[in-house]
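Here's the structure, in structure tokens; my notes come after.
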Amino acid sequence: RESFKTLFKNNPADIEVSSSLFCLSVIRNYFDATYITNKLLDIAVLLDKQANIIDPDRRLLKTVLKYSTIERLLPQKLKFESLRGYYDSLKKKIPWLVRDPHFWLQYAMCQISLGEYDKAQRFLNIAYEHANRKTDYHTYDFDTQQARLYLLVGMKSKNSNVLHELFSKAHSLLLSVPNDIHRYRQVVLYIEFFNIAKNILSKKNMESLKLSISEMLTKINELMENDEFPIRGFSYIEHVRKKLEHLLVNK
Numbered sequence: 030r031e032s033f034k035t036l037f038k039n040n041p042a043d044i045e046v047s048s049s050l051f052c053l054s055v056i057r058n059y060f061d062a063t064y065i066t067n068k069l070l071d072i073a074v075l076l077d078k079q080a081n082i083i084d085p086d087r088r089l090l091k092t093v094l095k096y097s098t099i100e101r102l103l104p105q106k107l108k109f110e111s112l113r114g115y116y117d118s119l120k121k122k123i124p125w126l127v128r129d130p131h132f133w134l135q136y137a138m139c140q141i142s143l144g145e146y147d148k149a150q151r152f153l154n155i156a157y158e159h160a161n162r163k164t165d166y167h168t169y170d171f172d173t174q175q176a177r178l179y180l181l182v183g184m185k186s187k188n189s190n191v192l193h194e195l196f197s198k199a200h201s202l203l204l205s206v207p208n209d210i211h212r213y214r215q216v217v218l219y220i221e222f223f224n225i226a227k228n229i230l231s232k233k234n235m236e237s238l239k240l241s242i243s244e245m246l247t248k249i250n251e252l253m254e255n256d257e258f259p260i261r262g263f264s265y266i267e268h269v270r271k272k273l274e275h276l277l278v279n280k
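For the sequence shown, our numbering begins at 30 and goes up steadily by one.
Here you go:
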């Protein structure tokens, strides 16, 4: 009985689940990906129809558009096929989303996870186009994903010039976004990039890459020495810092 109470709240009208992690486990393990995405589509359509009443800022709708939210809910089996179908269905069921930069960013992130880099770039371009038409619409999230895409595409190339150019573009973009954990979730790719690039880049371009890594390490140190540095993300950023330092020490 006590174990039951830790997981469920017994209300007169229904039973509520106390643990969000337990909810996530139930959804992943007891429902298939197609069922989950169909229900999420129903929720998205409902939120859109009743936005003025229950979701005037469309915050709830944005939650069910968010790639990281949807990806966490789906079981591994048929996950990626369902993700692709989900975003394709969203833009048909809620037509105005095709003009929404946030939607195209999430769609691009989905394509990145699928390894569909050409589509991801196309969708990111659309996201930027719509964002640029809006007033005071910041694109930091777009820039981190664009940098991620540059790095992932670069690691697939065997062309020294292409490799160097894409890394330089990614590095410049990441330096332009706020100095926080969102930046370093992409910077962690420098480690894999470096290990691939060292067998392809010229000596001159490798030195340039190392200078960029040193520059990013300086930014990490500036962040961690800041008295207002939030505890959230500290261990992750410290992990990235040590990995980058290791690259330069063992060069």
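For every residue, glycine included, the Cβ atom is placed at its ideal position computed from N, Cα and C.
### Minimum C-alpha distance to T66 - residue among Y157, R212, T247, P104
With distances taken between Cα atoms, T66 lies closest to P104.
### Message
Taking 8 Å as the threshold (C-beta atoms), are I99 and W133 in contact?
### Response
no
### Query
Residue ranges of each alpha helix (DSSP H) run of no fewer than 4 residues wholly in the stretch 188-245, ordered along the chain?
189-205, 210-216, 218-226
### Query
So S186 is in the alpha helix (DSSP H); what residue range does that whole segment cover?
No alpha helix (DSSP H) holds S186; DSSP gives it neither H nor E.
### Query
According to the Cβ coordinates, are L119 and L126 closer than 8 Å?
yes
### Query
Could you give the distance in angstroms between the alpha-carbon of L75 and the alpha-carbon of D129?
18 Å
#### Entry: Sequence-distant residues of its chain with Cβ nearer than 7 Å to A137 (five each side left out)
A149, F152, L153, A156, Q174
### Query
What's the call for G183, buried or exposed, on a 16-neighbour Cβ count within 10 Å?
buried
### Query
Should R294 go down as buried or exposed, given a rule of 16 or more other Cβ atoms within 10 Å for buried?
The shown model of the chain, from 30 to 280, leaves out residue 294, and the question about it has no answer.
### Query
Ends of the alpha helix (DSSP H) at K148?
146-161
### Query
For the candidate residues L218, S231, S201, whose alpha-carbon lies nearest to that of R177?
L218
### Task
Could you pull out every unbroken beta strand (DSSP E) segment of at least 3 residues lying fully inside the stretch 43-78, listed in chain order?
44-46, all fully within the stretch 43-78.
### Query
What's the C-alpha gap between F222 and L180?
Approximately 7 Å between the Cα atoms of the pair.
### Task
Classify I266 as helix, strand or coil using the three-state DSSP reduction.
It is helical.
### Message
Measuring only the C-alpha atoms, how far is K95 from D117?
### Response
In this structure, the alpha-carbon of K95 lies about 14 Å from that of D117.
### Query
Expressed to the nearest angstrom, what Euclidean distance is found between the alpha-carbon atoms of L50 and M235?
44 Å
### Query
Apart from the five residues just before and just after F258, which ones in its own chain have a Cβ nearer than 7 Å to its Cβ?
L252
### Residue ranges of each alpha helix (DSSP H) within the stretch 74-120, 4 or longer
Complete alpha helix (DSSP H) runs here, min 4: 80-83, 88-94, 96-102.
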